[in-house]
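These notes concern the structure reproduced below.
Numbering (full-length UniProt numbering), first residue to last: 1 to 421.
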C-alpha cells in the first residue's frame, strides 16, 4: 500500500541515504576514537550529525518531494517526471556515496572532511589524478568500482520504487504539497532562530576534525562552494570604522613621532631607515612545501635537517611560527606580499592584484635588484606566473627549464635539482 503513495520514492531514498551517512560517520568516529573521546564528543557528534544529514537531504530531495506530491501520476507529463525523478534520486545518492568514499583519504591528508580544497584542486586535474594514481591507486580503483556499481544499483532501485507511486486525486494533492513544503522548509532550516543552520551552529569542540565529522562530506563541499561564490563581498565579515578613527587607533598601537609619517596618498607610509647601510646583499628566500616542524630536528622533530639545524644557531630562529594556511599559495601570499589570510581567495589569484600590487620583488627591483622566482613545478600553477610577472619578478624558472633532473614527480622536479640551479 505504501508503494503507491506519491512520496514513497523520495522517502525511500531519504531513509536509505540517512542510514548510509550515519554508518559512514560512525565508522569515521571509531577510526578517530581517541580524538572523539578526548572532547567527550560521541553524543553531540552522532545526534547533531543526524540533524545535519536531514538538512542535507531536505535540500537535495525536498523540491522533488514537493513535485512528486503534485505531478507523480499516470499522465504523459507524469511519465516524463518519473524519469527525471529517477535521475535525481540516483545522481544525488551517488554524489553522497562518492563523497563519503573520498573522505578517509582526504582526512588522512588534511585532517578534515572534504572542503574547499577538494574543489580547488580540481582546477588542476592532471596533477591531481597523477598524484592519486601514484599514491592512492588502490583506493581510487575501489572508489571508482563502487561508484559505478552504486550508480547501476541506484538506477535499478529507483525504477522499482517509482513504478507504482501515484499522486492520487487532485482534491488532496495541494493539501499534501503544502504539508510537504512546510516539512521540507523546517528540515532544511533546522532551527527557529533568525538564521538557518550552518556549520558554526553544530561545532562543539576545539578539534576541527571532530567538528567537521558532524557534517557530511557532500554538505561540507557544497557549503564551501557557496562560500567561495560570496568571497567578493568578504569584507562584510569585518567590522567597520571611520577612516580617521582607524588611522588613529593604528598609530596608537605603534607609537612613533608624527614626523616619521610621509604625507601623501598612503597615510601610514613611514620612514624606516635600515640599520645596515653597507653594500646591498643578495637575498634568497626559500619556500618549502609541507616542511613542518615534525621534520626539523631543531624544532623537536625528526633528525632530517642537519643543515637547517646548524643555521638555526647562526641567525634568527623562530620556534613558534605557524603556517598561514593549508595551501602553498597562502604561504606565497604571506611571504611575497605581506598579506595575512582573509576569507577571500589568496591575492595571487584575485583579478585586481595581477599588476601594480605590492610585492617584495617589486620593492627590490626599484632598488636595482635582479628578481627571479625559481620553481620546480609548472609556473602556471595557482596563477603564479601571471601574478609574479605582473608584480616585480623579472624571471621565472620552472619545470621545463631543468634539462636532466635527477627526479621528477607529479608536482615537478625535486628540491635537489632546484638547489643545483
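Using N, Cα and C, we set each Cβ at its ideal position, and we do this for glycine too.
Notebook entry, point to check: Starting from residue 374 and walking both ways along the beta strand (DSSP E), at which residues does that stretch end?
Noted result: In the chain shown, the residue the question calls residue 374 occupies position 374. Looking at the DSSP string, the run of the beta strand (DSSP E) that includes residue 374 is 372-374.
Margin query: Using the Cβ count rule (16 or more neighbours within 10 Å means buried), how would you classify residue 99?
Written below: Here the question's residue 99 lines up with position 99 in the chain shown. Buried, by the Cβ-count rule.
Check: Quick one: what's residue 5 bridged to in DSSP?
Finding: As a first step, residue 5 must be located in the chain shown, where it is residue number 5. Residue 5 is bridged to 166.
Item checked: Nonlocal neighbours in the same chain, by C-beta distance under 7 Å from residue 220, ignoring five residues either side -> Walking along the chain shown from the start, residue 220 turns up at place 220. Annotation for residue 220: 113, 114, 115 and 212 place their beta carbon closer than 7 Å to its own, counting only its chain and skipping 5 residues before and after.
Check: In chain order, what residues of the same chain have a beta carbon less than 6 Å from the beta carbon of residue 21, not counting five sequence neighbours either side?
Finding: The residue given as residue 21 occupies position 21 in the chain shown. The residues are 53 and 216.
Check: So which of 265, 271 and 246 has the shortest CA-CA distance to residue 258?
Finding: Sequence index remark: in the chain shown, residue 258 carries index 258 (1-based). It is 271 whose Cα lies nearest to the Cα of residue 258.
Check: Any contact of the segment 238-254 with the segment 128-145, i.e. 3+ C-beta pairs under 8 Å?
Finding: no
Note to self: Going by DSSP, what residue range makes up the alpha helix (DSSP H) through residue 238?
What the structure shows: As a first step, residue 238 is located in the chain shown; it is residue number 238 there, counting from the start. Taken as a continuous stretch (DSSP letters only), residue 238 belongs to no alpha helix (DSSP H), as it is neither H nor E.
Check: What residue from 319, 393 and 157 has the CA that sits closest to residue 497's CA?
Finding: Any answer about residue 497 is impossible in this case: the structure gives the chain only from 1 up to 421.
Note to self: Need the endpoints of the alpha helix (DSSP H) that residue 389 sits in, please.
What the structure shows: As a first step, residue 389 is located in the chain shown; it is residue number 389 there, counting from the start. That run of the alpha helix (DSSP H) goes 384-390.
Notebook entry, point to check: Under 9 Å, do residue 338 and residue 360 count as touching if we go by C-beta distance?
Noted result: Looking up residue 338 in the chain shown gives position 338. Looking up residue 360 in the chain shown gives position 360. For residue 338 and residue 360, yes; Cβs fall inside 9 Å.
Margin query: Would the segment 341-356 count as touching the segment 370-379 if we require 3 or more Cβ pairs under 8 Å?
Written below: no
Next item on the list: Using a Cβ cut-off of 9 Å (strictly closer), state whether residue 6 contacts chain C.
Entry: The displayed structure is made up of one protein chain only, and chain C is not part of it.
Notebook entry, point to check: From residue 334 to residue 327, what distance separates their C-alpha atoms?
Noted result: The sequence position of residue 334 within the chain shown is 334, counting from 1. The sequence position of residue 327 within the chain shown is 327, counting from 1. Whole-angstrom Cα-Cα distance: 12 Å.
Next item on the list: Output the boundary residues of the beta strand (DSSP E) element that contains residue 395.
Entry: Sequence index remark: in the chain shown, residue 395 carries index 395 (1-based). Looking at the DSSP string, the run of the beta strand (DSSP E) that includes residue 395 is 395-397.
Checklist line | Exposure label - residue 38; buried when at least 16 CB within 10 Å | finding: One-based indexing of the chain shown puts residue 38 at position 38. Under this definition residue 38 is an exposed residue.
Next item on the list: Rounded to whole angstroms, what's the CA-CA distance from residue 414 to residue 407? Just pull it up for me.
Entry: Here residue 414 corresponds to residue number 414 of the chain shown, with the count starting at 1. Here residue 407 corresponds to residue number 407 of the chain shown, with the count starting at 1. Using only the alpha carbons, I get a separation of about 6 Å.
Check: Who are the near neighbours of residue 173 in its chain, counting only those whose CB is closer than 7 Å to its CB and skipping five residues on each side?
Finding: Locating residue 173 in the chain shown gives position 173, where the first residue counts as 1. Result list for residue 173: 69, 70 and 167, in chain order.
Notebook entry, point to check: Can you give the beta carbon distance from residue 62 to residue 188, rounded, assuming they're within the 8 Å contact cut?
Noted result: As a first step, residue 62 is located in the chain shown; it is residue number 62 there, counting from the start. As a first step, residue 188 is located in the chain shown; it is residue number 188 there, counting from the start. Between residue 188 and residue 62 the Cβ distance is about 6 Å, and since that is below 8 Å, they are a contact.
Check: When DSSP builds the beta bridges, which residues end up paired with residue 261?
Finding: Against the chain shown, residue 261 aligns to sequence position 261. Paired residue(s): 270.
Check: Based on the DSSP secondary-structure assignment, which residues constitute the bridge partners of residue 408?
Finding: Here residue 408 refers to the residue found at position 408 of the chain shown. DSSP lists 413 as partners of residue 408.
Next item on the list: Would you please state the rounded distance, in angstroms, between the beta carbons of residue 209 and residue 111? I believe it to be under 8 Å.
Entry: Numbered from 1 along the chain shown, position 209 holds the residue referred to as residue 209. Numbered from 1 along the chain shown, position 111 holds the residue referred to as residue 111. Rounded, the Cβ-Cβ distance is 5 Å, consistent with contact.
Next item on the list: Using beta-carbon positions only, say whether residue 365 and residue 392 come within less than 9 Å of one another.
Entry: Reading the chain shown from its first residue, position 365 is the one you call residue 365. Reading the chain shown from its first residue, position 392 is the one you call residue 392. Cβ atoms of residue 365 and residue 392: closer than 9 Å.
Next item on the list: Could you check how far apart the C-beta atoms of residue 381 and residue 198 are, in whole angstroms? I think they sit under 8 Å.
Entry: By one-based count along the chain shown, residue 381 stands at place 381. By one-based count along the chain shown, residue 198 stands at place 198. That belief does not hold up - the Cβ atoms of residue 381 and residue 198 are roughly 32 Å apart, past 8 Å.
Notebook entry, point to check: Do residue 146 and residue 101 have their C-beta atoms closer together than 9 Å?
Noted result: Indexing the chain shown from 1 puts residue 146 at position 146. Indexing the chain shown from 1 puts residue 101 at position 101. Result yes, Cβ atoms of residue 146 and residue 101 sit closer than 9 Å.
Margin query: Considering only the alpha carbon of each residue, which of 317, 306, 323 and 135 lies closest to residue 458?
Written below: Outside the shown range of the chain (1 to 421) lies residue 458, about which nothing can therefore be said.
Checklist line | Beta-carbon proximity list for residue 218, same chain, < 7 Å, skipping 5 on both sides | finding: Here the question's residue 218 lines up with position 218 in the chain shown. Contacts found: 56, 95, 96 and 99.
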